[in-house]
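Report on the following structure.
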Ligand SMILES: Nc1ncnc2c1ncn2[C@@H]1O[C@H](COP(=O)(O)OP(=O)(O)OP(=O)(O)O)[C@@H](O)[C@H]1O
Ligand SMILES: [Mg+2]
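As structure tokens, this is what we get:
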């Protein structure tokens, strides 16, 4: 059209275009941030709601990770009981214990002879009188308590070790209370699934929160949007600030969630260390860590972007001029 | 530059706002569009700016048939048309400078380029000292001139104005019409919808008269 001839020509080299593009995005980002700081209370409230919604699954996840770590590093508390056969006398028992000492997968071996077992039982059970009736015949077997090295203390490895020790000729029964560990793992597994479901629901909540906030923003700027449409703004130009605002909301929410989780961990850490020391356990509550923190921020930002995108798609349609 | 060929516009309500309107406006020509209230003046301007599309007939702008213009090209098309509204349609939260700069920002102009052109446009309408002010602190006439500066800042070949002097005193109205006249002298095609018969008679300019959607006088 002839109009083109008189249309202003702006400089249009590829390098200039890239720079202009970058500049435009940066400008939009900063103006979105500026917009957010203009109503600090409203921004803080929206970011706070998003933060709580994100902190819940993130916090639960950290908690479960810690519980799992407890199960895996039950340091020094993994003990296998080897009940020896009846016919093994004290001398044979101590020879057997010595042979166990040489095994590399065990780091501690303790022999409890039949007499010691009886004595211990007397003291612990309070059935001293009843047991005196057995004076002639000690009903308790000799027992060897072994402790595997760390590597063999893992849930899977220890199963094989217990079976192997149980096959030794001197051993009547090798027992290890695996069940509590397996149960713990099963529970954690279930709970982690639950956290995923919860996280999905709360993510949906974040989408709705951001979507609604952006929708209100669009409604408030209806007149402005109409005007810039009339002076030739493309849909992308109109959409951009809202997308950036949603992105910022999501990111702010994620930072808020991070603070909530880390703050919670900080509060719990002291008392928990005390509790652990009562059990002679040396336990350190792990925090979110770099990777999980980054994932949290990324999820927040993406959810914010997605929420605003949905709102923009749905509500800018209605304002179309022409 | 503007060519209407048997154009009719029927709104969704069923009301026929324009009926078989045909006229041509050459590049650099200036014309008034007048008629009673509800005659279809705004509707005609909206067809030119592609805010509405014709129900029948063809609108050609600079040789471009608007019936065939794809939806996604509308924004780029609108950058060739400066629009002036009776109610100014300025952004109250932005300064005069930012309001005038809007079309350039949208078109992705360079920073220095924007500053230079905005000053030139504000100079033309006599508001150079007021760029840092907000529109609501200006008088009605000044706001209207800000609107005009925004409409011409990217030098569009076509300028449309819908009752630009609607609530200004006669002195100011004449001044603003003079401004439009000077744009047309620079080659801009200008079409102005107005009720102000007195002003039109004094200006001795081509006048299109609408009545009930029909073009009755040219
Ligand atoms: N969006 C719309 N939907 C339905 N009818 C409309 C619409 N816009 C305008 N009309 C009708 O079309 C007719 C022409 O309207 P238009 O706004 O073009 O008149 P006008 O000449 O600009 O009047 P005025 O001098 O009062 O501004 C009117 O009868 C109006 O009611
Ligand atoms: Mg009108």
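Chains as they are written, first to last, in our numbering: chain Z, 1 to 322; chain V, 1001 to 1218.
Idealized CB from N, CA, C, for every residue including glycine.
Remember, it's a predicted structure, so these values are computed and weren't measured experimentally.
Exposure of residue i, with buried meaning 16 or more beta-carbon neighbours within 10 Å
i	result
residue 201/Z	exposed
residue 258/Z	buried
residue 315/Z	buried
residue 55/Z	buried
residue 1196/V	buried
residue 102/Z	exposed
residue 1074/V	buried
residue 269/Z	exposed
residue 1154/V	buried
residue 266/Z	exposed
residue 96/Z	buried
residue 308/Z	buried
residue 304/Z	buried
residue 1173/V	buried
residue 1220/V	Because chain V here runs from 1001 to 1218, residue 1220/V falls outside it and cannot be looked at.
residue 9/Z	For residue 9/Z, the pLDDT reaches just 44, beneath the cut-off of 50, and the residue's location in the model is therefore unreliable, although a value from the coordinates is still provided. So residue 9/Z counts as exposed.
residue 306/Z	buried
residue 1177/V	buried
residue 190/Z	exposed
For residue i: DSSP bridge partner residues
i	result
residue 1034/V	1209/V
residue 1082/V	1159/V
residue 1065/V	1060/V
residue 1016/V	1010/V
residue 86/Z	DSSP, once it has assigned bridges, lists no residue as partnering residue 86/Z.
residue 108/Z	147/Z
residue 1214/V	1211/V
residue 1190/V	1030/V and 1159/V
residue 173/Z	83/Z
residue 1005/V	1058/V
residue 1021/V	1007/V
Spatial distance of residue i from residue j (CA atoms)
i	j	result
residue 137/Z	residue 113/Z	14 Å
residue 76/Z	residue 291/Z	Low confidence applies here, because residue 76/Z scores a pLDDT of 44, under 50, leaving its location unreliable; read the following figure in that light. About 30 Å.
residue 1003/V	residue 1044/V	12 Å
residue 1070/V	residue 236/Z	16 Å
residue 27/Z	residue 1107/V	15 Å
residue 1215/V	residue 1127/V	37 Å
residue 1022/V	residue 1209/V	12 Å
residue 371/Z	residue 254/Z	Only positions 1 to 322 of chain Z appear in the structure, and residue 371/Z is not among them; the question remains open.
residue 1198/V	residue 231/Z	31 Å
residue 185/Z	residue 117/Z	33 Å
residue 1166/V	residue 31/Z	35 Å
residue 1094/V	residue 19/Z	25 Å
residue 1059/V	residue 294/Z	55 Å
residue 154/Z	residue 188/Z	16 Å
residue 1111/V	residue 1117/V	10 Å
residue 245/Z	residue 194/Z	31 Å
residue 100/Z	residue 122/Z	28 Å
residue 196/Z	residue 251/Z	20 Å
residue 60/Z	residue 300/Z	17 Å
residue 1017/V	residue 1179/V	30 Å
residue 260/Z	residue 93/Z	57 Å
residue 183/Z	residue 170/Z	30 Å
residue 1119/V	residue 1066/V	33 Å
residue 1099/V	residue 38/Z	20 Å
8 Å contact criterion, which residue i and residue j should meet: CB distance rounded
i	j	result
residue 143/Z	residue 81/Z	6 Å
residue 312/Z	residue 221/Z	Not really, about 12 Å apart at Cβ, beyond 8 Å.
residue 1019/V	residue 1213/V	4 Å
residue 1184/V	residue 1030/V	4 Å
residue 1159/V	residue 1146/V	Incorrect: roughly 15 Å between the Cβ atoms, too far for contact.
residue 1168/V	residue 1140/V	6 Å
residue 1193/V	residue 1042/V	7 Å
residue 249/Z	residue 47/Z	6 Å
residue 1079/V	residue 1103/V	7 Å
residue 1061/V	residue 1051/V	Not confirmed; about 13 Å, so no contact.
residue 1091/V	residue 225/Z	With a Cβ gap of about 10 Å, residue 1091/V and residue 225/Z do not count as contacting.
residue 66/Z	residue 275/Z	About 13 Å separates the two Cβ atoms, so there is no contact after all.
residue 1188/V	residue 1149/V	Contact doesn't hold; Cβ gap of about 14 Å is too wide.
residue 288/Z	residue 49/Z	So it is not a contact: roughly 20 Å between Cβ atoms.
residue 147/Z	residue 79/Z	6 Å
Exercise. Got a list of residues with beta-carbon closer than 7 Å to any non-hydrogen atom of ligand 3, in chain order?
Worked result: This structure lacks ligand 3; the ligands present are ligand 1 and ligand 2.
Exercise. Going along the region 1066-1087 of chain V in order, which residues come within less than 9 Å of chain Z, judged by CB to CB distance?
Worked result: 1071, 1072, 1074, 1075, 1076, 1077, 1078, 1079, 1080, 1081, 1082, 1083 and 1085
Exercise. If contact means a Cβ-Cβ distance below 7 Å, which residues of the region 218-245 of chain Z contact chain V?
Worked result: 224, 227, 228, 230, 231, 232, 233, 234 and 237
Exercise. Taking Cβ-Cβ distances below 7 Å as the criterion, which residues of the region 261-276 of chain Z are in contact with chain V?
Worked result: none
For this session: Pull out every residue of the region 291-313 of chain Z whose Cβ sits closer than 7 Å to any Cβ of chain V, in chain order.
Result: none
Problem set entry | Members of the region 1091-1106 of chain V that neighbour chain Z once the beta carbon cut-off is set at 7 Å | 1091, 1102, 1103 and 1106
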